[in-house]
Amino acid sequence: MKTVEIMLYSRMSKDVADFVRSNLQTQAQINISGALDDLSDEQLRNIAADPISTGVPVELDDGSWLYVSHDEIDKIARARIDTMQAQGCNTVMMCCTLPWHSLESLKNVVCPSKVLEANAIALLPTGGVLGVVQPDAVTKDEEIKHWLSLGCEVVSTTVSPEESMDALSAGIQSLVEQKVDLIVLDCLAFTREHWQLVRKTSNKPVILPMSLLGKVLDEAYGEI
0 MKTVEIMLYS
10 RMSKDVADFV
20 RSNLQTQAQI
30 NISGALDDLS
40 DEQLRNIAAD
50 PISTGVPVEL
60 DDGSWLYVSH
70 DEIDKIARAR
80 IDTMQAQGCN
90 TVMMCCTLPW
100 HSLESLKNVV
110 CPSKVLEANA
120 IALLPTGGVL
130 GVVQPDAVTK
140 DEEIKHWLSL
150 GCEVVSTTVS
160 PEESMDALSA
170 GIQSLVEQKV
180 DLIVLDCLAF
190 TREHWQLVRK
200 TSNKPVILPM
210 SLLGKVLDEA
220 YGEI
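For what it's worth, numbering that gives the first Met the number 0 labels the leading residue of the sequence shown as 0, then goes sequentially.
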């Protein structure tokens with residue numbers, strides 16, 4: 000069976016690993032590690048995001064959260080993936096829907112943002128409106144930029160996957176009122192349950208990243 004290395008943008012934990020294994024719908028054998036696994040809390044504080052909107056949330060040992068610089072994580076992930084590939088790893092998936100610019104030129108590295116963008120543009124009718132569900136109010140203005148660069152009309156709402164289904168339903172209704180033609184759940188923490196609610200509420204096509212990426216891994220990189 001094909002083995003895929005899953006690279007988290009933060010630290011690996013049992014809860015996150017269990018979530019990925021339960022929701023990434025792939026036939027591949029997966030190994031999971033975190034880009035920040037070997038970094039101490041003090042080292043993470045040294046690469047805190049400034050401004051905070053340019054970071055991603057990482058849990059520290061004491062249970063608090065720190066927004067760590069996205070650009071610094073990008074560099075760390077690139078170094079780790081270079082090492083993996085030098086050791087013979089054939090396929091890596093970055094487990095985050097943010098753009099990871101230093102990884103996009105690497106062979107056999109799956110960057111979810113590029114997959115989501117391509118599928119969204121392929122499914123969006125000409126002149127259509129793309130709706131994006133963003134997970135974090137702190138970083139939403141930075142995270143929407145790559146969607147805006149696609150050249151289509153984009154509207155968004157911010158609902159964390161950890162919020163209630165009522166909150167998600169309200170957010171989706173706001174997108175429907177803005178005449179969206181396609182909705183992207185822009186976080187790998189959204190599940191099939193979220194997808195079902197969004198489809199039912201909107202009656203629109205909906206892209207769920209975790210299941211889409213599982214299919215991409217199987218079709219593009221799976222066993223022949």
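All residues carry an ideal CB built from backbone N, CA and C; glycine is no exception.
As assigned by DSSP and simplified to three states, the class of residue i
i: residue 87; result: coil
i: residue 181; result: strand
i: residue 8; result: coil
i: residue 105; result: coil
i: residue 152; result: strand
i: residue 99; result: coil
i: residue 117; result: helix
i: residue 47; result: strand
Rounded C-alpha distance that separates residue i from residue j
i: residue 74; j: residue 87; result: 20 Å
i: residue 127; j: residue 150; result: 11 Å
i: residue 172; j: residue 59; result: 35 Å
i: residue 192; j: residue 42; result: 37 Å
i: residue 184; j: residue 136; result: 15 Å
i: residue 169; j: residue 139; result: 18 Å
i: residue 203; j: residue 13; result: 35 Å
i: residue 102; j: residue 49; result: 22 Å
i: residue 223; j: residue 134; result: 36 Å
i: residue 20; j: residue 62; result: 23 Å
i: residue 144; j: residue 109; result: 20 Å
i: residue 154; j: residue 206; result: 15 Å
i: residue 40; j: residue 57; result: 10 Å
i: residue 190; j: residue 142; result: 20 Å
i: residue 174; j: residue 195; result: 16 Å
i: residue 17; j: residue 131; result: 26 Å
i: residue 85; j: residue 125; result: 43 Å
i: residue 93; j: residue 213; result: 12 Å
i: residue 45; j: residue 38; result: 10 Å
i: residue 228; j: residue 148; result: Because the chain is modelled from 0 through 223, residue 228 falls outside the range shown and cannot be assessed.
Same chain, Cβ closer than 8 Å to residue i, neighbours up to 5 away in sequence not counted
i: residue 47; result: 54, 65, 66, 67 and 68
i: residue 34; result: 6, 7, 8, 9, 72, 75, 76 and 79
i: residue 95; result: 7, 8, 55, 111 and 187
i: residue 211; result: 114, 115 and 118
i: residue 217; result: 25, 26 and 27
i: residue 178; result: 128
Per DSSP, cross-strand counterpart(s) of residue i
i: residue 56; result: 66
i: residue 130; result: 154 and 182
i: residue 3; result: 29
i: residue 205; result: 182
i: residue 92; result: 5 and 109
Cβ neighbours of residue i in the same chain (closer than 7 Å, five flanking residues each side left out)
i: residue 83; result: 4 and 91
i: residue 89; result: 107
i: residue 123; result: 129, 151, 180 and 181
i: residue 166; result: 158
i: residue 176; result: none
i: residue 221; result: 1, 26 and 27
i: residue 100; result: 73
i: residue 121; result: none
Spatial neighbours of residue i in its chain, beta-carbon cut-off 6 Å, leaving aside the 5 residues before and after
i: residue 29; result: 3 and 5
i: residue 200; result: 168 and 171
i: residue 98; result: 112 and 145
i: residue 198; result: 205
Residue i at chain B interface by Cβ criterion, 9 Å
i: residue 69; result: Absent from the structure is chain B; it holds one protein chain and no more.
**Request:** Take every Cβ of the segment 14 to 30, pair it with every Cβ of the segment 48 to 59, and state whether three or more of those distances are shorter than 8 Å.
**Result:** In the pairwise beta carbon analysis, the segment 14 to 30 is classified as not touching the segment 48 to 59: fewer than three pairs are separated by under 8 Å.
**Message:** Within 8 Å, do at least three Cβ pairs link the segment 97 to 116 to the segment 157 to 171?
**Reply:** Because the criterion of three Cβ pairs below 8 Å is not met, the segment 157 to 171 and the segment 97 to 116 do not touch.
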